[in-house]
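A short write-up of the structure that comes next.
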Amino acid sequence: MSRLYRMYGEDNRMVKEINLKDLYRVIKKRFWLVLLITILVTVAGWFYSNLNKTELLYESSTNIIINADSEYRKTLQVIIKDTIVLENVIEDLGLEKSSKALASQINVESIDLSQVVEIRVTDTDPERAAHIANTTARVFKEEIPNILEFEDVSILSEAKVNSIPINESNQNKIVIAAFIFGMMLGLGLVFLIDSLDDSIKSELEIEMILGVQVLGSISVMNKRNVKKRKRKKRELELRGETIGYK
């Protein structure tokens, strides 16, 4: 970055001034490095997000009415998630999981301390979640008379398929974060490299440091420039316009 210095008091301290042109020049000079680091970090973030992909979960619920007092209703709610009920649910739906695993997907609670009990099921498949909820309610209603000789259970509403996940995939967030981090890292590295470069890059910088006016500058000479100048000189000689050309 161009080093523009001002003299301060007797200490002759030099303070670097940064302007927009300097920033543009530095970024433009090593833009390929910024682009490369951004791409590499973004790709790495994409691979990481795929390896740690969040599994989407869906939820469905059915409501049943248990016509019993509060204490007895709590007992009946516990039975809904018992093995004797869930084994029948697994068999009816052909699920390949244990009753314990299925119980972890089911939540049973009374709504506002009323006789209405909600059976809420969470699953990676929205249709399966609805089927499990409805089958659990049906099996419970069929089995509870055999278990406790209690028949006052009715299904209030069946579960519907809910295609909206209850959690969000973090894949896009990780990729976006990786892109932003990669760009910041690239820019930071470019500015660091430039700050470590102590070479003078402009006439204005010389004037500010030495306090003298620059009368002229010598252009960078390389093979390409030399060949170009020779070719131009030959063209001028052919036209007879070499006067004043060096």
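Going by our numbering, the sequence shown opens with residue 322, and the numbers climb by one from there. Built from N, CA and C at the ideal position, the CB exists for glycine as well.
Between the stretch 496–512 and the stretch 419–428 there are fewer than three inter-stretch CB-CB distances shorter than 8 Å, so the stretches are not counted as touching. Within the same chain, T383, I385, I440, I476 come within 7 Å of A458 by CB-CB distance, once the 5 residues on both sides are set aside. In this chain, R351 is not harboured by any beta strand (DSSP E), its DSSP state being neither H nor E.
Remark: C-beta atoms of N488 and T375 approach each other more closely than 9 Å.
Per DSSP, the continuous alpha helix (DSSP H) segment holding S420 begins and ends at 420–424. Collapsing the DSSP output to three states places T404 in a helix. V410 carries a helical assignment under DSSP once its states are collapsed to helix, strand and coil. In the DSSP annotation of this structure, the continuous segment of the beta strand (DSSP E) that includes I385 starts and ends at 379–387.
Excluding the 5 residues flanking it on each side, S381 has same chain C-beta neighbours closer than 6 Å at V442, A450, A451, A454, A480, N483, in chain order. N373 carries a coil assignment under DSSP once its states are collapsed to helix, strand and coil. Take the alpha-carbon of D433 and the one of L510: they are about 59 Å apart.
For I514 against R346, the beta-carbon gap comes to about 13 Å, at or over 8 Å, which does not count as contact. Excluding residues up to 5 positions away in sequence, V438 lie with their Cβ nearer than 6 Å to the Cβ of S431 in the same chain.
Rounded to the nearest angstrom, the Cβ distance from Y379 to P447 is 4 Å, consistent with a contact under 8 Å.
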